[in-house]
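Report on the following structure.
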Amino acid sequence: MDRAISTATQNRRQRHRWLLGAGLLAALGLALLAFRTVLQPSVERNALLLARVERGDVEASLTAAGVIIPAHEAVLTSPIASTIRQVLVAVGSRVQPGQPIIELDRELTASALAKLEDGQQQNRNRGSQLQLALEKALHDLQSQQRVQSVKINSLQSALRDEQYLLKVGGGTAESVRQAELNLRVAQLEQRRLLEQIANQRAANAADRRELGFTVQMQERSIAELAGKLAQANISSQQPGVLTWVNDALGTTVQAGDALARVADLTRFRVRATISDAYADALRPGDPVVVRINDQDLRGTISTISPAVDKGTVTFYATIAEDHHPALRPNLRTDVFVVTKAHHNVLRVKNGPFYQGGKEQPVFVVQNGRAVRRTVQFGDSNFDYVQITGGLRPGQEIIVSDMKDHLDTPEITIK
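The numbering of the sequence shown is my numbering, which starts it at 45 and goes up by one.
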């Protein structure tokens, strides 16, 4: 016979069903949470590079490879064709103005100078001989002219006599005409002699000038060679440090060959090279930043080479602190040519995350997670990237390379 179930029993059974359902729901939730945790990607915080968005200046720049060189370096060349006889100063030594550095063999040049001086003496002798010859020729013409003047006077007297005889009936008209003709011929001859004398004088002056030019040219050659001979002991005209010297004794050198370099190591500048693709962006006077061992020195472009060598353009920059202790000759450095400057803008440290575009996704760190967000960028340099949209000051982003997670909307940071 069936009995009615008590209310207490029914309530107990109902509570049991509710507890069982709640347990099943809790187990299912835990399972789903564990499954989601297994599927959601995560990264170790120690493996990430983080940077905070801040306000500051961003200078857009082009990167060039630079070498520190002395601001002033004198190249000492050989004044004559000779051989190196002796090197008097070692590389690295300080030299003073006028201090001999290299001694050259001067015998060949001294012999050439003696030949020039002998030739000059011959020119002087030739000048004396020419002067005598010219004076003799002019004297002969002047003597002929004086004789002709006497002859004309005689013919004029003869003409007057014939005219008188014709007047008194003792002569003939033919005799008068002949006397007039003889006088006219003599006068023409005298005119020719006068022209010859003038031409001779002009020729004499021209010959003397020509000889004078020859003597002057020879004098200049002698003075030039004598000066070169006096400079055969190579010395510096400025104080400095001997940075290089041709120490191959007995080597033959030609006039103009470099023998030594003396540099002023208290002042420096930069020689830099950059791809010719950026040649049009370079201008004299553009600001540059020279980075040496994490120290930034400011400067400006002074000159730009017009030639392109193996796809690169060379330019030189002066440094404001050209005596800075970090500067050393031949020290390699990075040179940043500033093309544009932005002040008090949002910026973030440059890093592998930045691909150079105007817009790209980045991961913003918040509450232990990295959330993907599209951010707009402006100009950049080696240190910072300008942010034009998508981030606020104080936010932290991942600047590590996140190429493997570009399609992931959220990443857990362990």
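Just so it is clear, CB atoms sit at the ideal spot from N, CA and C, and this is done for glycine as well.
Just so we're clear, the structure is a prediction, and the values are computed from it rather than from any experiment.
Scanning its chain for C-beta atoms nearer than 7 Å, with the 5 sequence neighbours on each side dropped, one finds around A299 the residues S122, P123, I124, A125, in chain order. Residues of the same chain with a CB within less than 8 Å of the CB of R311, apart from the 5 flanking positions on each side, are P114, A115, H116, D366, H367 in chain order. Q430 sits buried, since 16 or more C-beta atoms from the chains shown fall within 10 Å of its C-beta. By the C-beta density criterion, F257 is exposed, having fewer than 16 other C-beta atoms within 10 angstroms. Residues G329, D330, P331, V332, A361, T362 of the same chain have their beta carbon placed closer than 7 Å to that of T344, with the five preceding and five following residues left out of the count. Taking all protein chains shown into account, V131 has 16 or more neighbouring C-beta atoms within 10 Å of its C-beta and is therefore buried.
The beta-carbon separation of A95 and V443, rounded to 5 Å, stays under the 8 Å limit for a contact. Here R436 carries a coil assignment [DSSP, helix/strand/coil].
Per the coordinates, the alpha-carbon of Q439 lies some 53 Å from the alpha-carbon of Q58.
DSSP places I124 outside both helix and strand once states are collapsed to three, so it counts as coil. The three-state reading of DSSP puts Y398 in coil, since its state is none of H, G, I, E or B.
Annotated three-state conformation of R61 is helix, per DSSP. Here the segment 389-399 makes contact with the segment 414-431; the two share three or more CB pairs at distances below 8 Å. Contact check for R342 against V334 passes: the beta carbons are separated by less than 9 Å. Cβ neighbours of A325 within its own chain (closer than 7 Å, five residues either side excluded): L106, T383.
Approximately 52 Å separates the beta-carbon atoms of V389 and L120; this is outside 8 Å, ruling out the contact. Below 8 Å, enough C-beta pairs join the segment 225-244 and the segment 191-203 to call them touching: three or more. DSSP lists E103 as the beta-bridge partner residues of A385. Taking C-beta atoms under 8 Å as the contact rule, Q404 and V419 qualify, at a distance of about 7 Å. Across the set A118, T216, P141, E161, the C-alpha of E161 shows the shortest separation from the C-alpha of V259. Bridge partners of G110 according to DSSP: A316, T377.
Sorting L69, D320, V133, I348 by C-alpha distance to the C-alpha of K354 places D320 at the top. With a threshold of 16 other beta carbon atoms within 10 Å, L303 meets it and is buried. By the neighbour-count criterion, in which 16 or more other beta carbons inside 10 Å mark a residue as buried, S172 falls on the exposed side. Taking L293 as the centre and dropping the five residues before and after it, the same chain places the C-beta of I128 closer than 6 Å to its C-beta, in chain order.
In the three-state reduction of the DSSP assignment, G412 falls in the coil class. DSSP, reduced to helix, strand and coil, places T295 outside both helices and strands of the structure shown, so it counts as coil. When rounded, the separation of the alpha-carbon atoms in Q282 and W288 is 15 Å. In this structure, the alpha-carbon of G142 lies about 24 Å from that of S265.
The criterion of a C-beta distance shorter than 9 Å is satisfied by I336 and T377. With a cutoff of 9 Å on beta-carbon distance, V139 and L286 are scored as near each other.
In this chain, the beta strand (DSSP E) harbouring Y360 covers 356-363.
Burial is judged here by how many other beta carbons sit within 10 angstroms of a residue's own beta carbon; K272 has at least 16 and is buried. Measuring C-alpha to C-alpha distances from N248 to each of L269, A223, L176 identifies L176 as the nearest. In terms of Cβ geometry, V381 and Y322 form a close pair [threshold 9 Å]. Taking 9 Å as the cut-off, the beta carbon of V97 is found no closer than this to the beta carbon of A414.
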